[in-house]
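Participant: Per my numbering, the first sequence runs over residues -14 to 244. For glycine and all other residues, C-beta sits at the position ideal for the given N, C-alpha and C. In this text the structure is predicted, and so the values were computed from the model without any measurement. Sending over a structure as structure tokens; questions will come in a sec.
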Amino acid sequence: MRIATFNINGIKARLPALLDWLDEAQPDLALLQEIKSPDTAFPQAPFEDRGYNVVTHGQKSFNGVAILSKTPLEDVTRGLPGDDDDDQARWIEATVMGKRALRVCGLYLPNGNPAPGPKYDYKLGWMARMHDRAARLLATEEPVLMAGDYNVIPQDEDAKRPEAWAEDALALPASRAAFRRIVNLGFTDAFRARVQGPGHYSFWDYQAGAWNRDDGIRIDHVLLSPQAADLLTDCRIDRELRGREKPSDHVPVWVELGL
DNA sequence: ATGTCGGCATTGTGCCGA
């Protein structure tokens, strides 16, 4: 089963490019972030025409996550537990059946800039809530996958110019520590289980010719519970999409799981 | 430090978020 995560930066602006990629890559499951659309305005038909079941958790203008799946999605839940006052659409879960059940979580973690400030406090609070949710999911001892735009550069090797990000909410020590605290519950960073070393990025800013200079960062991650990590056979970043017409500033990251 | 996008309120363009 091939599972991809892709921050599309707006479903309306990205629909043709997204459909082209789906037709080529044929993922069984796609976790989308920044759909920037209410659920009622999300264009379901072109995906259903291609055999995908569609579930969304969106809002007007900002944020928003969705799951596309070739097989039916069960037990869909929307929103990250732990704060009833949080109305930002950044978390969705569903169960998909392969040879065995897999719980998938699609997430758009807060950016947090400028730091320090209320947006950074929200990011760290959100990560603490995600830690608690992740611990509960691990306790099921079932295969679990949490994938999306984490807005965290885990290590200096995950940036072309780490010094440029040193004071940024994506790389501050507290952000990295909160990310490690989640991973250290027992998750595997799927990409780092397969590929070592610098030079692997999933985001290049639209500004300042970042793509042309390969001035990127790796912030889109797939974390696997032990039971899911045992099924991992491959993980890649679809870097090539960033050079196409009207690209998102992120590219897809995908894993192959033997289920 | 910032050369770009996408969405929105709005009908020409500035603001916000990233």
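1. Taking C-beta to C-beta, are L264 and V129 nearer than 9 Å?
2. Who are the near neighbours of L3 in its chain, counting only those whose CB is closer than 7 Å to its CB and skipping five residues on each side?
3. Output the distance between the C-alpha atoms of Y93 and N136, rounded to the nearest integer angstrom.
4. Of the residues R85, I52 and A86, which one's Cα is nearest the Cα of W76?
5. So, with DSSP's three-state summary, where would you put D106?
6. Can you tell me the Cβ-Cβ gap for V207 and A175, rounded? I've got them flagged as a contact below 8 Å.
7. Opposite V40 in the DSSP bridges: which residues?
8. Have a look at E59 and Y107 and give me their C-alpha separation to the nearest angstrom.
9. Y105 and A154: beta carbons closer than 9 Å?
10. Do L209 and F172 have their beta-carbon atoms positioned less than 9 Å apart in this structure?
11. In angstroms with no decimal places, state the Cα-to-Cα distance between V168 and L87.
12. Just the Cα atoms here: how many angstroms apart are G184 and I222?
13. Can you look up E126 in the DSSP assignment and give me helix, strand or coil?
14. I'd like the span of the alpha helix (DSSP H) that includes A213, first residue to last.
15. Can you tell me whether G184 is helix, strand or coil according to DSSP?
16. Below 9 Å between beta carbons: does that hold for W196 and R227?
17. Give me, in chain order, the residues of the same chain whose beta-carbon lies closer than 6 Å to that of E142; leave out the 5 immediate sequence neighbours on both sides.
18. In its own chain, which residues sit with a C-beta less than 7 Å from the C-beta of D84, not counting the 5 before and 5 after it?
19. Pick from T(-10), D205 and Q44: whose alpha carbon is nearest that of P139?
20. Pull up the distance between the alpha-carbon of S160 and that of I(-4), whole angstroms please.
Facilitator: According to the structure shown:
1. An answer regarding residue 264 cannot be provided, because it is not within the stretch -14 to 244 covered by the chain.
2. For the purposes of this step, residue 3 is taken as residue 18 along the first sequence, with counting starting at 1. Excluding positions up to five away in sequence, the list reads I(-7).
3. Counting from one through the first sequence, the residue named residue 93 turns up at place 108. Counting from one through the first sequence, the residue named residue 136 turns up at place 151. Rounded to whole angstroms, the separation of the alpha carbons of N136 and Y93 is 8 Å.
4. In the first sequence, residue 76 corresponds to position 91, counting from 1. If we check each option's Cα against that of W76, I52 comes out closest.
5. In the first sequence, counting from the first residue as 1, residue 106 sits at position 121. Residue state, collapsed to three classes: helix.
6. What you label residue 207 is simply residue 222 of the first sequence in a count that begins at 1. What you label residue 175 is simply residue 190 of the first sequence in a count that begins at 1. Rounded, the Cβ-Cβ distance is 4 Å, consistent with contact.
7. Here residue 40 is taken as the residue at index 55 of the first sequence, counted from 1. Under DSSP, V40 shares a beta bridge with I52.
8. Counted from its first residue, the first sequence places residue 59 at position 74. Counted from its first residue, the first sequence places residue 107 at position 122. Distance between E59 and Y107, taken at the CA atoms: about 30 Å.
9. Stepping through the first sequence from its first residue, residue 105 is reached at position 120. Stepping through the first sequence from its first residue, residue 154 is reached at position 169. At the C-beta level, Y105 and A154 come within 9 Å of one another.
10. For the purposes of this step, residue 172 is taken as the residue at position 187 of the first sequence. For the purposes of this step, residue 209 is taken as the residue at position 224 of the first sequence. Yes, the pair counts as a contact, with Cβ atoms nearer than the cut-off.
11. Against the first sequence, residue 168 aligns to sequence position 183. Against the first sequence, residue 87 aligns to sequence position 102. Approximately 18 Å, taken between the alpha carbons.
12. Stepping through the first sequence from its first residue, residue 184 is reached at position 199. Stepping through the first sequence from its first residue, residue 222 is reached at position 237. Roughly 11 Å separates the two Cα atoms.
13. The residue given as residue 126 occupies position 141 in the first sequence. Coil at E126, not helix or strand.
14. For the purposes of this step, residue 213 is taken as residue 228 along the first sequence, with counting starting at 1. It spans P211 to A214 - the alpha helix (DSSP H) in which A213 sits, taken as one unbroken run.
15. Residue 184 sits at position 199 when you count from the first residue of the first sequence. Correct three-state label for G184: coil.
16. Position 211 of the first sequence, counted from the first residue, corresponds to residue 196. Position 242 of the first sequence, counted from the first residue, corresponds to residue 227. Yes. Within cutoff.
17. As a working mapping, residue 142 is identified with position 157 in the first sequence. Only P183 meet the Cβ criterion.
18. For this step, residue 84 is matched to residue 99 along the first sequence. Residue identity differs from the one stated: residue 84 is Lys in this sequence, not Asp. So the list reads L244, once near-sequence residues are dropped.
19. In the first sequence, counting from the first residue as 1, residue 139 sits at position 154. Scanning T(-10), D205 and Q44 for the CA closest to the CA of P139 turns up D205.
20. Counting from 1 along the first sequence, the entry for residue 160 is found at position 175. Counting from 1 along the first sequence, the entry for residue -4 is found at position 11. Those two C-alpha atoms are separated by around 28 Å.
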